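Q:
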Amino acid sequence: MQQVLCRSMFTLTRPSPLLLLALAALTVGVAPAWADKADRSKPMTLESDQPCTVSLIKQTSVCSGNVVISQGTLQIRAERLELRETPQGYQIALALGSAAKAASYRQKRD
0 MQQVLCRSMF TLTRPSPLLL LALAALTVGV APAWADKADR SKPMTLESDQ PCTVSLIKQT
60 SVCSGNVVIS QGTLQIRAER LELRETPQGY QIALALGSAA KAASYRQKRD
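Just so we're aligned: 50 in numbering that gives the first Met the number 0 is position 51 of the sequence shown, and the numbers increase by one with no gaps anywhere.
1. In chain order, what residues of the same chain lie with their CB nearer than 7 Å to the CB of S97, ignoring the 5 residues before and after it?
2. To which residues of the same chain is S69 closer than 6 Å at the C-beta, ignoring the five residues directly before and after it?
3. Using only CA atoms, which one of Q58, R105, V66 and T52 lies nearest to G88?
4. Quick check on S40: does DSSP put it in helix, strand or coil?
5. Which whole runs of the alpha helix (DSSP H) in the stretch 42-88 are 4 residues long or more, in chain order?
6. Give me the Cβ distance between A92 and A102, rounded to the nearest whole Å; I'm assuming they're in contact under 8 Å.
7. State buried or exposed for S47, treating a residue as buried only when at least 16 other CB atoms are found within 10 Å of its CB.
8. Measure from the alpha carbon of I56 to the alpha carbon of each residue in Q90, A37, K100 and R83, then state which is nearest.
9. Return the residue from the list Q90, K100, C51 and Q49 that minimises the CA-CA distance to R39.
Have a look at this one:
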C-alpha cells in the first residue's frame, strides 16, 4: 500500500486585527440604519436590582443586577451596564452578560 502526502492549497491564518476592526465597524455602522428613527427622540430609562454608581466628573454610570435599559422600541438586558457620555454628547453603553445569561437587545426596525 502506498501512502500519499497531500498538501492543502489553503492555509488558515489568524485574521489581522485591522480586518476584525473593519468588520466590527461595518456591523455597527449598518445597525443604526435598521433602527426606528423615532427612538432617537424618546427618553432613556434604566432599571437595575442594585443602585447605579454615577461619576459626574467622568460622565459615567455603572449599573449591576438584571439591568434593563429602554429607549423607544430599543430594549437592552444585561447583568452589568456601563454607560458613558462623550464630550460631543453621544451616549455609549457597554452591556455585559454573565456565564449563565448573555446580554441581549431587541429593537423594532424602521
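Even glycine gets a Cβ: it sits at the ideal position worked out from N, Cα and C. Remember, it's a predicted structure, so these values are computed and weren't measured experimentally.
A: Quick answer:
1. E78, listed in sequence order.
2. T44
3. Q58
4. helix
5. Entirely contained in the stretch 42-88, not one alpha helix (DSSP H) run reaches 4 residues.
6. Actually they do not touch by this definition, with Cβ atoms about 10 Å apart.
7. buried
8. R83
9. Q90
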